[in-house]
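Going line by line, the protein sequences match chains X and F. If you count by the numbering used here, then the first sequence holds residues 12 to 124, one letter each, in order. If you count by the numbering used here, then the second sequence holds residues 43 to 152, one letter each, in order. As structure tokens, the structure follows; a few thoughts come after it.
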Amino acid sequence: ETGVTQTPRHLVMGMTNKKSLKCEQHLGHNAMYWYKQSAKKPLELMFVYSLEERVENNSVPSRFSPECPNSSHLFLHLHTLQPEDSALYLCASSHDSLRGGYTFGSGTRLTVV
Amino acid sequence: KNEVEQSPQNLTAQEGEFITINCSYSVGISALHWLQQHPGGGIVSLFMLSSGKKKHGRLIATINIQEKHSSLHITASHPRDSAVYICAPTIGGGADGLTFGKGTHLIIQP
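Structure, rendered in structure tokens:
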């Protein structure tokens, strides 16, 4: 365990389903991130929350909806996804400065059928 | 936008060899991360550099800010070093997130 816990580890969902990915950290970090890793592509930043406020969206489709209720928890709500959204979704956290590095979760492997 | 180039994309070496992975980026940065990703997806942060050189065990990372270049070296490589190594510069502070290279897929054969 890295200190950042993601659940579930694997998720298969239909295009009409609604599901949520969860990320939790108790490292005292105040910035949290969602990244997407598709096959054969670099990691892509989806959302950044700093001090529980969203600071970056990166033009992610609205079928992905993040939520950060407090500095320790981050969610990614999914609805009406497409098969091309199948990917590894990684959560990370850091201090909101250059004081420390990033800590990544193990990721959720999402398959949209 | 920061363009990040890593080389080589794939590297297969024998156990014990000295390994070098290179990373070049196009814009000024405040720090650069080297990450290791094992099969299954989990990512571990190896180093965060803003200047000079850092060493941790058999791993050494260097950065030249003026030349916009960083290298990751592995001494006395071992099959357990087999993984994807990713270079990730950041322009601002931590909340800016990272820009990622495509990664170097390293295989160390016994």
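We put the beta carbon where it would ideally sit given N, CA and C, even for glycine. Quick caveat, the model's predicted, so the values are computed rather than measured.
What I want to know is whether the C-beta of R120 (chain X) ends up closer than 7 Å to one or more non-hydrogen atoms of the ligand GDP.
Ligands displayed in this structure: none; no statement on the ligand GDP is therefore possible.
Does K153 (chain F) have its Cβ less than 8 Å from a Cβ in chain X?
Lying outside 43 to 152, the shown extent of chain F, residue 153 (chain F) is not represented and no answer is given.
Would a C-beta distance cut-off of 8 Å place A103 (chain F) and K110 (chain F) closer than the cut-off?
The residue you call residue 103 (chain F) lines up with position 61 of the second sequence. The residue you call residue 110 (chain F) lines up with position 68 of the second sequence. Cβ atoms of A103 (chain F) and K110 (chain F): not closer than 8 Å.
Measuring straight from C-alpha to C-alpha, what distance separates C129 (chain F) and S66 (chain F)?
The count along the second sequence starts at 1 and reaches residue 129 (chain F) at position 87. The count along the second sequence starts at 1 and reaches residue 66 (chain F) at position 24. The alpha-carbon atoms of C129 (chain F) and S66 (chain F) are separated by roughly 9 Å.
Give me the subset of the segment 45-67 of chain X whose CB atoms are less than 7 Å from a CB atom of chain F, sorted by chain position.
P53, L54, L56, V59, S61, V66, E67
When DSSP labels each residue in this structure, what does P80 (chain X) get in the three-state scheme?
On the first sequence, position 69 is the one that residue 80 (chain X) refers to. Of the three classes helix, strand and coil, the one that applies to P80 (chain X) here is strand, per DSSP.
So that I know if they touch, is there some Cβ in chain C lying closer than 8 Å to that of T114 (chain X)?
Looking at the structure shown, chain C is missing, and the protein chains on hand are X and F.
Mind listing the chain X neighbours of S75 (chain F)? Cutoff is C-beta to C-beta under 7 Å, in chain order.
In the second sequence, counting from the first residue as 1, residue 75 (chain F) sits at position 33. The displayed chain sequence assigns His, not Ser, to residue 75 (chain F). Chain X residues near H75 (chain F): G112, Y113.
Got a sec: which bits of the segment 58-84 of chain F sit with their beta carbon under 8 Å from any beta carbon on chain X, in order along the chain?
S72, A73, H75, L77, G82, G83, G84
Compare the beta carbon distance of L56 (chain X) and N69 (chain X) with 8 Å and say whether it is the shorter of the two.
Along the first sequence, one-based indexing puts residue 56 (chain X) at 45. Along the first sequence, one-based indexing puts residue 69 (chain X) at 58. A contact, by the Cβ cut-off of 8 Å.
Run of the beta strand (DSSP E) containing Q79 (chain F), from where it starts to where it stops:
Position 37 of the second sequence holds residue 79 (chain F). That run of the beta strand (DSSP E) goes 73-79.
Please list, in chain order, the chain F residues whose beta carbon lies closer than 8 Å to that of L101 (chain X).
Locating residue 101 (chain X) in the first sequence gives position 90, counting from the first residue. In chain order: G83, I85.
With H, G and I counted as helix, E and B as strand and the rest as coil, what does DSSP make of R100 (chain F)?
Residue numbering aside, residue 100 (chain F) sits at position 58 when the second sequence is read from its first letter. Coil at R100 (chain F), not helix or strand.
Tell me which residue opens and which closes the beta strand (DSSP E) that T117 (chain F) is part of.
As a first step, residue 117 (chain F) is located in the second sequence; it is residue number 75 there, counting from the start. From DSSP, T117 (chain F) is part of no beta strand (DSSP E); its letter is neither H nor E.
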